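K.L.:
For the sequence shown, counting from 1, position 338 maps to 744 in the working numbering; every step adds exactly one.
For glycine and all other residues, C-beta sits at the position ideal for the given N, C-alpha and C.
Bear in mind the structure is a predicted one, so any value in this text is a computation, not a measurement.
Sharing a structure here in structure tokens format.
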Amino acid sequence: MESTKKNKTVKNFKLSEKLGNLRAVLIGNPNVGKTTLFNRLTGSAQYVGNWPGVTVERKEGIVRHNHEKIKIVDLPGVYSLSPFSPEEIITREYLINRNINLIINIIDATNIERNLYLTTQLLEFNIPIIIVLNMSDLLEKQGKIVDFCEFERILKIPVIPISAGKNIGIDTLVEKIFYVVKKKDFENFKFNQTIPKLSIYDNLVENKIKKIENVIDDLNKNIQNKNFILVKILEGDQIVISSLKLNYETIKKIDEIRVLNTIEIEEKIATGRYNFASEICKRIISDTGKIKKAKISRKIDRIITGKYTAIPIFLLIILTIFYVSFGPLGSLLEESVRFIIENGISNPIIKILEQFSVNKIIIGLFGAVLGGIGEVISFLPQMLLLFGLISVLEDSGYMARAAFVVDNPMRKIGLSGRAFVPLLMGFGCSVPAILSTRILESKKEKNLAIFLIPFMSCGAKMPVYLIFINAFFPDHKVLAIFLLYMLGAVFAILTSLLFKNVFSDPSATMIMELPDYKIPSLQNIFLNMWERIKDFLERAGTVIFGSTVVIWFLQSFSLSLKFVQDSSQSILASLGNFLAPIFNFCGFGNWRACIALITGMISKETIVSTMSVVYRSGEILMLKEALTSEFSVASAIAFMTFVLLYPPCTAAIAISKKEFGSGVLAFLSVSYQMILAWIVSIVVFRITLVLGHF
Ligand code: GDP
Ligand code: MG
407 MESTKKNKTV KNFKLSEKLG NLRAVLIGNP NVGKTTLFNR LTGSAQYVGN WPGVTVERKE
467 GIVRHNHEKI KIVDLPGVYS LSPFSPEEII TREYLINRNI NLIINIIDAT NIERNLYLTT
527 QLLEFNIPII IVLNMSDLLE KQGKIVDFCE FERILKIPVI PISAGKNIGI DTLVEKIFYV
587 VKKKDFENFK FNQTIPKLSI YDNLVENKIK KIENVIDDLN KNIQNKNFIL VKILEGDQIV
647 ISSLKLNYET IKKIDEIRVL NTIEIEEKIA TGRYNFASEI CKRIISDTGK IKKAKISRKI
707 DRIITGKYTA IPIFLLIILT IFYVSFGPLG SLLEESVRFI IENGISNPII KILEQFSVNK
767 IIIGLFGAVL GGIGEVISFL PQMLLLFGLI SVLEDSGYMA RAAFVVDNPM RKIGLSGRAF
827 VPLLMGFGCS VPAILSTRIL ESKKEKNLAI FLIPFMSCGA KMPVYLIFIN AFFPDHKVLA
887 IFLLYMLGAV FAILTSLLFK NVFSDPSATM IMELPDYKIP SLQNIFLNMW ERIKDFLERA
947 GTVIFGSTVV IWFLQSFSLS LKFVQDSSQS ILASLGNFLA PIFNFCGFGN WRACIALITG
1007 MISKETIVST MSVVYRSGEI LMLKEALTSE FSVASAIAFM TFVLLYPPCT AAIAISKKEF
1067 GSGVLAFLSV SYQMILAWIV SIVVFRITLV LGHF
């Protein structure tokens, strides 16, 4: 059955003693890197023209190896060998009609399944094939492994991974090209006949092919690439059929075998090819780390998102975070920073100013500013610990689970698990948290989330809590701050229940793809913390600094602009005294607390810097001591509760107005928070009084 033409080639070759008149073709889908590989193989030994009659580029060149050479043709990229596009026609004609010694089928390693559709057709030619898996450099990035050996075993032809773009594997490929070509010609190795036929099609198609083969064999025609031709005849490919110059009778016989209409047969054949391709891919492609990671993740998830374990684990994690941030480690850091600021910066500056006998008023101003800002900065380490740990949770993949775990409980209060992330961000800063409510699909749910975010104590409220907790509950720091945060959450839940009917319309059920767990990247965590430091320093340098100066001025001068020794004569005192009666019921109806709360509208840390200025005036006193002498336990708790619940800073209010898309809603939420804070702190004050007889 080997054609005489092929024997001639062998003879020709023997005469020439060189491989120069051997011809290989590069075939593959468009954009798989044929031209890149062609250039690597041929270097400058190439010439470029057009295929006759069309503008499709034609490239031919010579591949050399150990004084031997092969002619190589870069065929136009095609997905299939049906005769529709000019590229397909050229490639097909070339394969059918030219004497080709080797097909180099180039496949995009990242897209093997689609590329194999063409390969299934090339395998039907009676021509040796090498499969080249190009772009293998991209496999690692995709986390994929291709089992080349298994690939070779299934197809029974050489498979060589390369990267034409990165110039990897080209030498191996060249050696293989010459090896395969020589094997065929020198040893008269009937390459394709040693390959047991692969079954690509189903039985029905295979039977029909067999029958057509019998009909054709009867004709005693010498047909090259018979398998390919048989399939094409079955497909009803008119170009192939007419080129065979079959007589009427044969055509009739063939039509009887085909029976089904052309579309049905084409479909069956195509299905066979697709199935074959996907079957191979299943066997040779595996995900590397991804598979392992996914398995481990699923195991971890069985516990972390388990029915009974999920909530306890969630609470345990939160408690641990609080313990690390506010327990012994956090306190130690806080005290160290405070010590450094006082003894390394504030005191030396004041001393220098005193040595130069600078005006007492100016020294007072410096003392106020350094003390106010210093007080706030002392709490930076704890803030960083808290947010560092929260970003560890985010980066490790736990947060997505947490959102998943709380989806059900959150639905009970009119939100979905999706709203968990914006709410959680509220612990950092309300501004980005409010912006992030955009991920919520339902406008009502979004409004409800914006309404609730201020109840999540933002990072700036933490220093306020801490100065009071340090003064009143130094032995129960972790518990106290945890309870405060929880109190915020409780009020968020109650508020949500209260407004559920107005706002509730939670997004559809969460179908979330949980990311695999991973070791959190230090870089992400540090970036996150750095953002916080930057943000904080910016505020320290602007609003906190500015308000400290203003507060100092207002409490150092009287309405008649005279410097006052006793700050109760100051402008600030007059202002504060005007408002103080409102807070009498809450236990902190004094002008200093009032002023601190007012400045807290600029930014919550300002409460601390203001308190540092107004309570520490005169003798240099620890803020802690000042607070214990000015507040009772009950009024301290009431004050913290008020800070917890009263409206967020002006920046957050402005953003919420924008995101609500309604000034009325923003006004409502601010009023609600104000009234709620006032009422609850009265209640808390009274209850604490009754309980503790403080
Ligand atoms: P052709 O259409 O098959 O001739 O493909 P080309 O040779 O024009 O290549 C298509 C694109 O794939 C080009 O942008 C190449 O730079 C890129 N490319 C080719 N080979 C590789 C490879 O091994 N790795 C990567 N990453 N890119 C490649
Ligand atoms: Mg090309």
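Can you look up Arg498 in the DSSP assignment and give me helix, strand or coil?
P.N.:
Looking at Arg498 - three-state DSSP - the assignment turns out to be helix.
K.L.:
Sort Gly678, Ser1087, Lys924 and Val811 by Cα distance to Ile717 and report the nearest one.
P.N.:
Val811
K.L.:
Taking the straight line between their C-alpha atoms, what separation do you get for Glu423 and Ile583?
P.N.:
With a pLDDT of only 43 at Glu423, under the threshold of 50, the placement of this residue in the model should not be trusted; the figure read from the coordinates follows. Each residue's alpha carbon lies about 18 angstroms from the other.
K.L.:
What's the gap between the Cα of Lys818 and the Cα of Gly736?
P.N.:
Rounded to the nearest angstrom, the two C-alpha atoms are 36 angstroms apart.
K.L.:
Tell me the rounded alpha-carbon separation between Phe592 and Ile563.
P.N.:
Unreliable placement is indicated for Phe592, whose pLDDT of 39 sits below 50; the coordinate value is still reported in the next sentence. Cα to Cα, Phe592 sits roughly 19 angstroms from Ile563.
K.L.:
Is it the case that the CB of Ser752 approaches a heavy atom of ligand 1 more closely than 8 angstroms?
P.N.:
no
K.L.:
Residues in its own chain within less than 6 angstroms of Met407 by CB, not counting five upstream and five downstream?
P.N.:
With a pLDDT of 37 at Met407, under the threshold of 50, the predicted position of this residue should be treated as unreliable, though the coordinate-derived value follows. Nothing listed; no residue qualifies.
K.L.:
Is it the case that the CB of Thr578 approaches a heavy atom of ligand 1 more closely than 8 angstroms?
P.N.:
no
K.L.:
Smallest Cα separation from Leu447: which of Ile702, Leu928, Ser569 and Arg704?
P.N.:
Ser569
K.L.:
With a threshold of 7 angstroms on Cβ separation, who are the neighbours of Met1080 within its own chain once the five nearest residues in sequence on each side are excluded?
P.N.:
Tyr1052 and Pro1053
K.L.:
Put Arg464 into one of helix, strand or coil per three-state DSSP.
P.N.:
Under the three-state reduction of DSSP, Arg464 is assigned to strand.
K.L.:
Could you check whether the Cβ of Thr441 sits closer than 8 angstroms to any heavy atom belonging to ligand 2?
P.N.:
yes
K.L.:
Could you compute how far the alpha carbon of Asn749 sits from the alpha carbon of Lys699?
P.N.:
50 angstroms
K.L.:
From Glu685 to Ala898, what distance separates their C-alpha atoms?
P.N.:
54 angstroms
K.L.:
Using 8 angstroms as the cut-off, can you tell me whether the stretch 830-838 makes contact with the stretch 860-879, which would need three or more C-beta pairs spanning the two stretches below that distance?
P.N.:
yes
K.L.:
Are the CB atoms of Pro880 and Ile1013 within a distance shorter than 9 angstroms?
P.N.:
no
K.L.:
Starting from the C-beta of Asn413, find all residues in its chain whose C-beta is less than 6 angstroms away, skip the five residues before and the five after it, and write them out in chain order.
P.N.:
Bear in mind that a pLDDT of 38 at Asn413, under 50, signals an unreliable position, so the number given afterwards is only what the model happens to contain. Around Asn413: no qualifying Cβ.
K.L.:
DSSP three-state call for Arg1022: helix, strand or coil?
P.N.:
Looking at Arg1022 - three-state DSSP - the assignment turns out to be coil, as it is neither helix nor strand.
K.L.:
Do the stretch 783-791 and the stretch 928-948 meet, that is, are 3 or more Cβ pairs less than 8 angstroms apart?
P.N.:
yes
K.L.:
Count the other CB atoms within 10 Å of the CB of Asn435; is the residue buried (16 or more) or exposed (fewer)?
P.N.:
buried
K.L.:
Which one of Ile856, Asn814 and Glu847 has the shortest CA to CA distance from Pro828?
P.N.:
Ile856
K.L.:
Under three-state DSSP, which class holds Arg470?
P.N.:
strand
K.L.:
Which partner residues of Ile536 appear in the DSSP bridge assignment?
P.N.:
Ile510
K.L.:
By Cβ distance, which residues of its chain are closer than 6 angstroms to Val484, with the 5 residues on each side in sequence left out?
P.N.:
If we look at Val484 and ignore the five residues flanking it on each side, its Cβ neighbours are Glu493, Glu494 and Thr497.
K.L.:
Go to Val565, then tell me how far its beta strand (DSSP E) extends in each direction, as first and last residue.
P.N.:
Run containing Val565: Val565 to Pro567, per the beta strand (DSSP E) assignment.
K.L.:
For ligand 2, is there any heavy atom lying closer than 8 angstroms to the beta carbon of Glu493?
P.N.:
Glu493 has its CB no nearer than 8 angstroms to any heavy atom of ligand 2.
K.L.:
Examine the Cβ distances between the stretch 526-534 and the stretch 676-693 and report whether three or more of them are shorter than 8 angstroms.
P.N.:
yes
K.L.:
Sorry if obvious, but does the Cβ on Val431 come closer than 8 angstroms to a heavy atom of ligand 1?
P.N.:
no
K.L.:
Name the DSSP beta bridge partners of Val454, please?
P.N.:
Lys465
K.L.:
Gly803 and Asp693: beta carbons closer than 9 angstroms?
P.N.:
no
K.L.:
Run the proximity test for Ile873: is its beta-carbon closer than 8 angstroms to any non-hydrogen atom belonging to ligand 1?
P.N.:
Not so, every heavy atom of ligand 1 lies at least 8 angstroms from the Cβ.
K.L.:
Ordered along the chain, which non-local residues of its own chain (more than five positions away) have a Cβ less than 7 angstroms from that of Ser1009?
P.N.:
Ala866, Arg945, Val949, Ile950 and Cys1055
K.L.:
Quick one, which of Leu721, Lys465 and Ala451 has its alpha-carbon nearest Val431's?
P.N.:
Lys465
K.L.:
Quick check: what's the CA-CA separation for Ile645 versus Ile551?
P.N.:
41 angstroms
K.L.:
What is the DSSP secondary structure of Glu1010, counted as helix, strand or coil?
P.N.:
For the sequence presented, residue 1010 should be read as Lys rather than Glu. If DSSP states are grouped into helix, strand and coil, Lys1010 belongs with coil.
K.L.:
Let me know if Ser822 comes out buried or exposed under the rule of 16 or more other beta-carbons within 10 Å of its beta-carbon.
P.N.:
Classification for Ser822: buried.
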